[in-house]
Amino acid sequence: MEETIRKAEKKDVKRVESFLLEANLNADGVADAIDYYSLLETKSGALKACIGIEPVNGVGMLRSFVLSEGTSQVQILMLFDRVIRIAEGNKLKSLYLVTNKESAVSFFNKIGFNVVKDIPTALFNHPHFEQVSSVDNSIIMGMKVENVDNC
């Protein structure tokens, strides 16, 4: 089955929100940040994966990373490549993410993220960041967008 990775559009808001809610993730703020989302769709238009950025004062926080079963590693890398290009196009200086899975750290390292201690104040005080970083064993990672070597 042929699949496509593309930047989300306003018409995708309801589908992305539903996809996130099915995965038991918070869909608040999707409508405001839909232009910062990357989608993987099947040929029939079904959503198979997504990842978004919540922009905050010139930096971004990755969020809403959801994969359906059968999503390949190549597709995941292409999805990340697209969302990083979206960050570049919107002149974001850096991207941050929070994970509580130690096993995910090496994957994120491979695409340019490193564990960080210093977080911009605006992001640190952002409600979504506060929510996800308060989880036990949370690991904060970041990358400079201008130094990205896109595939």
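In this note's numbering, the protein residues as written are 6 to 156. All residues carry an ideal CB built from backbone N, CA and C; glycine is no exception.
Q: Can you give me the start and stop residues for the alpha helix (DSSP H) that residue 69 sits inside?
A: Per DSSP, residue 69 belongs to no alpha helix (DSSP H); it is in the beta strand (DSSP E), 64 to 72.
Q) What are the start and end residues of the alpha helix (DSSP H) that includes residue 108? A) 107 to 115
(Q) residue 67 and residue 58 - do their beta-carbons sit closer together than 8 Å? (A) yes
(Q) Quick check on residue 57: does DSSP put it in helix, strand or coil? (A) strand
Q: Compute the Euclidean distance between the alpha carbons of residue 92 and residue 12, then round it to the nearest angstrom.
A: 11 Å
Q) From residue 139 to residue 45, what does the alpha carbon distance come to, in whole angstroms? A) 29 Å
Q) Roughly how many whole angstroms lie between the Cα atoms of residue 127 and residue 133? A) 11 Å
Q: Kindly indicate the opening and closing residues of the beta strand (DSSP E) around residue 76.
A: No beta strand (DSSP E) contains residue 76, which DSSP labels as neither H nor E.
Q. Which two residues bound the contiguous alpha helix (DSSP H) that contains residue 122?
A. Run containing residue 122: none; DSSP gives neither H nor E here.
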